[in-house]
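Numbering follows our numbering, with no gaps: position 214 of the sequence shown is 446. The beta-carbon is built from N, C-alpha and C at its ideal position, and this holds for glycine as well. Worksheet for the structure shown next.
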Amino acid sequence: MLLVVMVALVAASCGGGFSAIAPTASPVPSAAGPVVTAADAVQRVITENPRFTGITARDPNLIGQANWYEVVPASGVGAFIVTMRIGWGDCPAGCIDEHTWTYAVGPTGFVTLQSEAGSPVPSDAWPSPGSSGITSDTGIHITAVAGPVCPVEKFPPDPACAPKPVSNATVLIVDAAGREQGMVLTDASGQTFAGLAPGQYTVTAQGASGFMSGPEPQQVTVEDGQVTEVTLGYDTGIR
């Protein structure tokens, strides 16, 4: 079954394994049972975004810690604020780049993305996954981009004309038997991750705001312990 990541956090850790998880417009119920402790809150976030599996608490005394989480109580409401960070690039010196997410976790287990910022997370920057079952390292990492951005292609390429990320794009995933495995939504960086069992899948972008239609469906293969990269290209119509 699909383990989708439809929320974001503030995460960091040099090395490790994606986005992105997609932001939601309303709270998302996660694991059963009340949220009483900080550990409960973190587990709710990881349940919603399995790619955070293996992330550890921030240790201010640990040099080079790229991936970490922090939890603080939400004043007066019996909830928690969970921040996750993923960093990469020379992390012993402080990490060259990072991506962060901030979640609110309610006392009944609802998870809501509060904010998200940073560069798109490379696939090898995510934390090490759990030790059994389908982990966050088995599935599809999706990146949605739109182009062309400029009417005339330049040489050398102009960085300002690079394809732009497409956020809030809905992507449907169907298995080889035609069974819907779920939908994911791209985040602010145009990325999302779907945890899947090994097999054959069809990935179909169903559209995004500002575009007439989505890219053509793609056939992908997911192998055990591997992340399959899928890029969805949207046409801006600029010529």
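task: Report yes or no: do the stretch 440-449 and the stretch 390-408 share at least 3 C-beta pairs separated by less than 8 angstroms?
output: Yes: at least three Cβ pairs fall under 8 angstroms.
Q | Start-to-end residues for the beta strand (DSSP E) that takes in A306 | A | 300-306
Identified DSSP bridge partners for F284 | Per the DSSP secondary-structure output, F284 pairs with nothing in a beta bridge.
Problem set entry | Distance between beta carbons of V304 and V337, contact taken as under 8 angstroms | The pair is not a contact, with the Cβ atoms about 11 angstroms apart (cut-off 8 angstroms).
Within the same chain, show all residues whose beta-carbon is closer than 6 angstroms to that of Y433, passing over the 5 residues directly before and after it, in chain order. I405, D407, V452
### Query
Who does P383 pair with in a DSSP beta bridge?
P383 is not bridged to any residue.
On the DSSP bridge list, what partners appear for L294?
Paired residues: none, contrary to the question.
| Taking the alpha-carbon positions, what's the R283 to G341 distance? | So the two alpha carbons sit approximately 19 angstroms from each other.
- prompt: Among the residues of its own chain, which have a CB less than 7 angstroms from the CB of E330, if the five just before and after it don't count?
  reply: A244, R317, I318, G319, G350
Whether L294 touches I374 by CB criterion (8 angstroms) | no
From this set, C393, G457, R411, which residue's C-alpha is nearest I470's C-alpha? C393
- Item | For T340, the three-state DSSP class (helix, strand or coil) | T340 falls in the coil class under three-state DSSP.
Q: Quick one: measure Cβ to Cβ for P395 and V381, integer angstroms, because I've assumed they're closer than 8 angstroms.
A: 7 angstroms
Residue closest to V353, alpha-carbon to alpha-carbon, out of G286, A273, G321:
G321
As a quick exercise: from G431, P359, W300, G442, pick the residue whose alpha carbon is nearest that of T334. W300
Alpha carbon to alpha carbon, what distance is there between A409 and A376? 25 angstroms
How big is the Cα-Cα spacing for V435 and Q450?
Those two C-alpha atoms are separated by around 5 angstroms.
Once DSSP output is grouped into helix, strand and coil, what is the label at Q413? Judged by DSSP in its simplified three-state form, Q413 adopts strand.
- Query: Rounded to whole angstroms, how far is the Cβ of G422 from the Cβ of P397, which I believe are closer than 8 angstroms?
  - Reply: 3 angstroms
Exercise for review: Alpha carbon to alpha carbon, how far is A437 from V274? Give it in angstroms, no decimals.
Suggested key: 30 angstroms
G431 to G457 span [Cα, whole Å]
C-alpha separation (whole angstroms): 12 angstroms.
Got a sec? Which residues, its chain only, sit under 6 angstroms from T332 by beta carbon, not counting five neighbours each side? V242, R317, A349, G350
**Q.** Test item: CB-CB of A311 and P339 under 8 angstroms
**A.** yes
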